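Protein chains in written order, with my numbering: chain V, 4 to 290; chain L, 4 to 290.
By construction, the Cβ of each residue, glycine as well, lies at the ideal position given by its N, Cα and C atoms.
All figures in this text were calculated on a predicted structure; none of them were measured in a lab.
Worksheet: the structure to be examined is printed underneath.
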């Protein structure tokens with residue numbers, strides 16, 4: 004089988020697969036790249052994961068994910084910052100182990116309101132502070148930090164960064180090679196400003212990753228798991244993908260789906276379906 | 004009992020109450036105003052509803068709700084536009100029946116994507132078209148149309164207007180006395196631009212209604228019913244209410260809650276709890 008040459012399977016789409024199983028599923032479906040997640044890499048140990056990725060011949064498109072740095076100063080915040088530094092190092096090594104075209108991009112999810120706090124502005128300020136602390140570390144490691152705006156329904160419990168414009172504002176003080184943004188259709192398709200902000204992200208050189216999956220209602224009981232194969236929902240991938248292309252993004256396009264039914268399916272079947280859905284719904288809009 | 008002098012109970016908070024029961028619940032709790040809904044008014048007939056509101060001595064703060072005009076041209080769209088005209092007439096008459104200080108404000112929910120459409124931009128364009136058609140009718144009736152941005156989790160199935168900025172852009176071509184916006188904390192508190200857009204709404208004279216209720220996670224299985232009494236969730240009513248006040252809004256502040264548990268409680272108890280929660284969480288931020 005062969006899939007689109009720019010398709011990457013984000014490992015969250017086969018959440019319960021080991022790294023070996025995820026790589027095999029990609030190979031069986033002809034998918035040339037994987038977006039790795041930290042847990043399955045750590046389950047193996049970094050050295051073994053590097054070896055396995057190198058042997059696979061696959062590219063690495065991103066490493067997911069770090070962030071979660073909205074806590075106020077203190078022991079827990081320090082632990083989070085240190086963990087982000089570990090993730091930066093992982094990202095550099097994993098990407099170096101991947102096939103040519105691999106990209107050392109670490110996806111960052113900001114984190115929600117800590118404890119009983121109602122202070123969104125304060126939490127957002129602490130994201131900016133964390134980036135200031137981590138950017139030099141990422142620069143030294145040759146890693147791009149990719150701030151991911153998450154859908155506003157996750158604003159209080161998962162990510163206080165809710166729009167691409169806000170992510171770009173947070174990235175603005177830094178070198179675009181060091182701090183960029185993740186453009187994920189699911190999270191930002193609703194935004195009346197989305198095309199204008201993708202254009203801006205392109206002008207500013209900040210599209211570090213393009214991720215796709217679909218939106219469909221009614222949302223399931225756990226709204227975190229409300230993501231679908233491309234084409235199974237109501238997102239129009241045409242204008243969004245065209246805008247990302249026009250903005251100059253030439254990297255892999257990741258399919259990242261959180262969905263209990265998809266997680267329960269055999270990994271190879273999920274990878275195959277991912278490739279087919281991507282070919283139908285997204286690939287026609289790629290150059 | 005007495006409640007804050009600017010508190011209004013939106014009738015959706017006691018969804019299963021008749022108009023008479025809703026008015027009684029307000030009176031028992033000392034709440035001086037009601038935001039009416041169309042269905043209980045229509046259950047009685049407009050003339051009887053007018054009489055009942057006049058007898059109550061309560062103010063009317065808004066009439067809820069019309070809109071739902073994202074359909075493409077055709078019979079169903081015409082029916083929706085005609086229904087909006089009926090709602091405009093209802094609004095004028097209901098407000099005239101209310102005590103001094105009543106406001107003829109019709110809340111508009113835009114509607115979602117029609118049928119199998121994926122065309123958000125097209126649907127948004129049809130909202131603009133509908134406003135153009137309805138604004139002269141509203142102007143003749145002395146009614147303000149209050150476009151309500153809804154949380155982006157409702158964008159495809161309920162309201163393609165998702166931010167206050169977008170609502171203000173839609174309102175911009177019209178006289179602010181005729182087309183304004185509803186500022187509802189639940190729907191827009193997450194927006195990094197929210198305070199700036201409230202300031203803009205004030206400068207442009209477009210705050211037609213201020214509604215409050217709270218946000219809490221996890222969201223319930225039906226995300227439409229995820230609203231809570233003020234203070235029971237994580238919204239910081241201070242900065243939002245201060246911004247609305249500073250923007251020059253002097254009208255009633257409505258509590259509008261969709262919540263199955265609250266709907267199942269006795270109306271008088273809900274009204275009392277609404278007044279108490281409002282006094283604690285919102286009133287301190289009012290001038």
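(1) Are the Cβ atoms of residue 207/L and residue 168/L separated by less than 9 Å?
(2) When the cut-off is 9 Å and only beta carbons count, does residue 137/V lie next to chain L?
(3) Going along chain L, which residues have a C-beta under 8 Å from residue 121/V?
(4) Is there a Cβ from chain V that is less than 9 Å from the Cβ of residue 187/L?
(5) Let me make sure I understand the geometry here. Which of 109/L, 43/L and 160/L has the alpha-carbon closest to that of residue 123/L?
(6) Counting Cβ pairs closer than 8 Å, one from the region 216-229 of chain L and one from the region 96-111 of chain V, do we hit at least three?
(7) Using beta carbons (cut-off 9 Å, strictly below), is residue 134/L in contact with chain V?
(8) Along the chain, where does the beta strand (DSSP E) that runs through residue 13/V open and close?
(9) Using the Cα positions of residue 97/V and residue 57/V, report the straight-line distance between them to the nearest angstrom.
(10) In chain V, which residues lie less than 9 Å from residue 75/L when you measure between Cβ atoms?
(11) So, under 8 Å CB-CB, residue 113/V and residue 164/V are touching, yes? Tell me the CB distance rounded to an integer number of Å.
(12) Sorted by chain position, which residues of the same chain lie with C-beta nearer than 7 Å to residue 180/V's C-beta, five sequence neighbours on each side aside?
(13) Within the 9 Å Cβ cut-off, does residue 127/L reach chain V?
(14) At a CB-CB cut-off below 7 Å, which residues of chain L make contact with residue 220/V?
(15) Let's see if you can read the secondary structure: which residues bound the beta strand (DSSP E) around residue 216/V?
(16) Helix, strand or coil: which one does DSSP assign to residue 236/L?
(17) What are the boundary residues of the alpha helix (DSSP H) that residue 190/L is part of?
(18) Is it buried or exposed, residue 295/V, if we count other Cβ atoms within 10 angstroms and call 16 or more buried?
(19) Going by DSSP in three states, residue 313/V sits in which element: helix, strand or coil?
(20) With a threshold of 9 Å between beta carbons, is residue 166/L in contact with chain V?
(21) Would you mind sorting residue 80/L into buried or exposed? The rule is 16 or more other CB atoms within 10 Å of its CB.
(22) So if I threshold CB-CB distances at 8 Å, which residues from the region 241-254 of chain L count as touching chain V?
(23) Of all the options 258/L, 245/L and 231/L, which has the alpha carbon lying nearest to the alpha carbon of residue 288/L?
(24) Taking the beta strand (DSSP E) that residue 36/L falls in, what are its first and last residues?
(25) Can you pull the chain V residues whose beta carbon is under 8 Å from the beta carbon of residue 155/L, in chain order?
(26) Considering just the uninterrupted stretch of the beta strand (DSSP E) at residue 69/V, what are its terminal residues?
(27) Can a CB atom of chain L be found closer than 9 Å to the CB of residue 124/V?
(28) Among the candidates 242/V, 251/V and 120/V, whose CA atom is the shortest distance from the CA of residue 238/L?
(29) Leaving out five residues on either side along the sequence, give the residues of the same chain with a beta carbon under 7 Å from the beta carbon of residue 52/V.
(30) Quick check on residue 273/V - is its C-beta less than 9 Å from some C-beta in chain L?
(31) Shorter than 9 Å from the beta carbon of residue 116/V to some beta carbon of chain L?
(32) Against residue 169/L, what residues of chain V qualify as contacts under a CB-to-CB distance less than 8 Å, listed in chain order?
(33) Assign residue 32/V to buried or exposed, taking buried as 16 or more other Cβ atoms, counted over all protein chains shown, within 10 Å of its Cβ.
With the given structure in hand:
(1) The sequence position of residue 207/L within the second chain is 204, counting from 1. The sequence position of residue 168/L within the second chain is 165, counting from 1. Between residue 207/L and residue 168/L, the gap from beta carbon to beta carbon reaches 9 Å or more.
(2) The count along the first chain starts at 1 and reaches residue 137/V at position 134. With 9 Å as the cut-off, residue 137/V does not count as an interface residue toward chain L.
(3) Start at 1 with the first residue of the first chain, and residue 121/V comes out as number 118. Residue 121/V reaches chain L at 237, 238 and 239, counting residues in chain order whose Cβ is nearer than 8 Å.
(4) Residue 187/L sits at position 184 when you count from the first residue of the second chain. So no, residue 187/L is outside the interface.
(5) Locating residue 123/L in the second chain gives position 120, where the first residue counts as 1. The shortest CA-to-CA distance from residue 123/L to any of 109/L, 43/L and 160/L is the one to 160/L.
(6) Of all C-beta pairs linking the region 216-229 of chain L to the region 96-111 of chain V, fewer than three are shorter than 8 Å, placing the two stretches out of contact.
(7) In the second chain, residue 134/L corresponds to position 131, counting from 1. Not one chain V Cβ lies under 9 Å of residue 134/L.
(8) As a position in the first chain, residue 13/V is number 10, starting the count at 1. Run containing residue 13/V: 10-13, per the beta strand (DSSP E) assignment.
(9) Within the first chain, numbered from 1, the residue matching residue 97/V stands at position 94. Within the first chain, numbered from 1, the residue matching residue 57/V stands at position 54. Residue 97/V and residue 57/V have their alpha carbons spaced roughly 9 Å apart.
(10) Looking up residue 75/L in the second chain gives position 72. Taking a Cβ-Cβ cut-off of 9 Å, residue 75/L has no neighbours in chain V, whose nearest Cβ is about 16 Å from it.
(11) Along the first chain, read from residue 1 onward, the residue named residue 113/V stands at position 110. Along the first chain, read from residue 1 onward, the residue named residue 164/V stands at position 161. Going by Cβ atoms, the distance from residue 113/V to residue 164/V rounds to 4 Å, so yes, they are a contact pair.
(12) Position 177 of the first chain, counted from the start, is the residue given in the question as residue 180/V. Non-local beta-carbon contacts of residue 180/V in its own chain, meaning distances under 7 Å to residues more than five positions away in sequence, involve 147 in chain order.
(13) Residue numbering aside, residue 127/L sits at position 124 when the second chain is read from its first letter. Taking Cβ atoms only, chain V reaches closer than 9 Å to residue 127/L, which makes this a yes.
(14) Taking the first chain and counting its residues from 1, one reaches residue 220/V at position 217. Around residue 220/V, the beta-carbon contacts reaching into chain L at under 7 Å are 159 and 160.
(15) Stepping through the first chain from its first residue, residue 216/V is reached at position 213. Taken as a continuous stretch (DSSP letters only), residue 216/V belongs to no beta strand (DSSP E), as it is neither H nor E.
(16) Locating residue 236/L in the second chain gives position 233, counting from the first residue. It is coil, neither helix nor strand.
(17) Here residue 190/L refers to the residue found at position 187 of the second chain. Residues 188-191.
(18) What is shown of chain V runs 4 to 290, which leaves residue 295/V out entirely.
(19) Absent from the structure is residue 313/V, since the part of chain V shown begins at 4 and ends at 290.
(20) Within the second chain, the letter at position 163 stands for residue 166/L. At least one chain V Cβ lies under 9 Å of residue 166/L.
(21) Taking the first residue of the second chain as 1, we reach residue 80/L at position 77. In this structure residue 80/L is buried. Its beta-carbon is surrounded by 16 or more other beta-carbon atoms within 10 angstroms.
(22) Residues of the region 241-254 of chain L with a C-beta atom less than 8 Å from some C-beta of chain V are 242, listed in chain order.
(23) As a position in the second chain, residue 288/L is number 285, starting the count at 1. Ranked by how close their Cα comes to the Cα of residue 288/L, the residues 258/L, 245/L and 231/L have 245/L in first place.
(24) For the purposes of this step, residue 36/L is taken as the residue at position 33 of the second chain. Unbroken beta strand (DSSP E) run through residue 36/L: 36-40.
(25) Taking the first residue of the second chain as 1, we reach residue 155/L at position 152. Those within 8 Å of residue 155/L in chain V are 154, 155, 156, 193 and 194.
(26) Here residue 69/V refers to the residue found at position 66 when the first chain is read from its first residue. Start and end: 62-70.
(27) Position 121 of the first chain, counted from the start, is the residue given in the question as residue 124/V. Chain L contact via Cβ: present.
(28) As a position in the second chain, residue 238/L is number 235, starting the count at 1. Out of 242/V, 251/V and 120/V, 120/V has the C-alpha closest to the C-alpha of residue 238/L.
(29) Counted from its first residue, the first chain places residue 52/V at position 49. Taking C-beta separations shorter than 7 Å and ignoring five residues to either side along the sequence, the partners of residue 52/V in its chain run 22, 44 and 97, following chain order.
(30) Taking the first residue of the first chain as 1, we reach residue 273/V at position 270. By this cut-off, residue 273/V is not an interface position.
(31) Within the first chain, numbered from 1, the residue matching residue 116/V stands at position 113. Yes, residue 116/V lies at the interface with chain L (some Cβ there is under 9 Å from its Cβ).
(32) Taking the first residue of the second chain as position 1, residue 169/L is located at position 166. Result: 195.
(33) Here residue 32/V is taken as the residue at index 29 of the first chain, counted from 1. Buried: at least 16 other Cβ atoms inside 10 Å.
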